[in-house]
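Per mature numbering (1 follows the signal peptide of the UniProt record, and there is no 0), the sequence shown runs over residues -23 to -1, 1 to 158.
Below: the structure, in structure tokens.
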Amino acid sequence: MVITRTLSLLCLILSLLSFSTQALVTAEEIKQGYKFGPGDNIKVSVYLEPDLAYDGQISQEGKIDFPLLGSVDFTGLTQTEAKQKLELMLRDGYLVNPIVAIQVKKYRPFFIYGEVRNPGSYDYQPDITLEQVLALSGGLKDRASREQWTIQRGSRKLTFKAQPHTVILPGDIIKIDKSFF
């Protein structure tokens, strides 16, 4: 009986530890795997083709209007994937060997609400942590939970024990619940 409880507790602890590490993301992972979405402000240029350029925000539908090509969907594409997509589209009857460069000028904002003093939308800054986000939003209210918070990242919701060094990504929605006590 004691062994069964101990094993059950050990399995629970291990699963919680593995889940909590999934919520942590390194800056390098952000740069490699960041996916474009509505609200990102980007600059696109084609080498030696000054008329083939875009400088603006990705629409709410996840698209940009690119010269010659029209509406191009960037939703869910990494910077490398978007570059390759444009190069492939430009090769199809327009240019022999296009070289596309994409620069992120401004990432889409993240949001924080619930038991913080100044809930709202904030500009994303690379490597920003939850602790820094809480400072930007004026800190926790007196009744804020210090145990469990939720981050919605895309279609995933991560509920985890409060970890101030969790890296926040563009578009994250952070909810700080009330404490029960």
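Positions of the beta carbon are idealized from the N, C-alpha and C atoms, including for glycine.
R130 and S156 have their C-alpha atoms some 23 Å from each other.
In the three-state reduction of the DSSP assignment, V77 falls in the strand class. Cβ atoms of P141 and L107 come within 8 Å of each other, at about 6 Å. Secondary structure of L117 (DSSP, three-state): strand. Within the same chain, Cβ atoms closer than 7 Å to the Cβ of G115 are found at V93, R94, N95, the five residues on either side in sequence being excluded. Ranked by how close their Cα comes to the Cα of I89, the residues G10, S22, P75, D154 have D154 in first place. The beta-carbon separation of K40 and S48, rounded to 5 Å, stays under the 8 Å limit for a contact. In the displayed model, T143 falls within coil according to three-state DSSP, outside both helix and strand.
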